Amino acid sequence: MSKISKTNPMRILDKEKIAYNILSYEIKDDLIDGISVAKKIEKSQEEVFKTLVCVSKSNEYLVFILPVNQELDLKKGAKLAGEKNIDLIPHKDLLKITGYIKGGCSPIAMKKQYKTFLHESAKKLDKIIVSAGKIGLQLELKVEDFIRLLDIKLGDISVN
12 MSKISKTNPM
22 RILDKEKIAY
32 NILSYEIKDD
42 LIDGISVAKK
52 IEKSQEEVFK
62 TLVCVSKSNE
72 YLVFILPVNQ
82 ELDLKKGAKL
92 AGEKNIDLIP
102 HKDLLKITGY
112 IKGGCSPIAM
122 KKQYKTFLHE
132 SAKKLDKIIV
142 SAGKIGLQLE
152 LKVEDFIRLL
162 DIKLGDISVN
């Protein structure tokens, strides 16, 4: 395998001396959704997390991280964030807001540090897997390091 060039999330983790593993997957088939990625890296859908960005009525951007097999409940997300209601940002705005593209959006090293919320199921895990900031790469790191790094608030944010 060719040498993987460092992404900004990897640089941040290195700087903070947080241990991580890089998991790579093939993208030639264009299957880059979270469930496909979990299969490709041979991990359960409960340990591979996706990153969704929302905007509140007060124009604040909020980041929600949940297992790839879960759907974000906008009402629960808004409540956890202390907002009346929130909406997912349009895909076309993702790069401008986060610095990432769809399928490669890492919660680590976004253009700005937004308030970040993590699905409570992560508490049951030792390690979490999130995007490394590039399609084809995932990062695996300890949940406690991840929560501390991004000052994350945990809660029930998925549709039951």
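All residue numbers in the sequence shown are consecutive under our numbering, ending with 171.
The C-beta atom is built at its ideal place from N, Cα and C for all residues, glycine as well.
As the structure is a prediction and not an experimental result, all values here were calculated from the model.
Spanning the alpha carbons of G93 and G166 requires a straight line of approximately 12 Å.
L105 sits in a helix when the DSSP states are folded into three classes. Assignment of beta-bridge partners to P78 by DSSP yields F60. Under the three-state reduction of DSSP, V48 is assigned to helix. In the three-state reduction of the DSSP assignment, N70 falls in the coil class, being assigned neither a helical nor a strand state. DSSP places D98 in the uninterrupted beta strand (DSSP E) bounded by I97 to L99.
Beta-bridge pairing by DSSP links T127 to V74.
Within 10 angstroms of the beta-carbon of E27 lie fewer than 16 other beta-carbons, which makes it exposed. In the DSSP secondary-structure assignment, V154 is not bridged to any residue. The criterion of a C-beta distance shorter than 8 Å is not satisfied by V66 and I29. By the criterion of a C-beta distance shorter than 6 Å, L24 is surrounded in its chain by Y31, once the five residues flanking it on both sides are discounted. For a cut-off of 8 Å, the C-beta gap from V79 to Q56 is around 5 Å, short enough to register as a contact.
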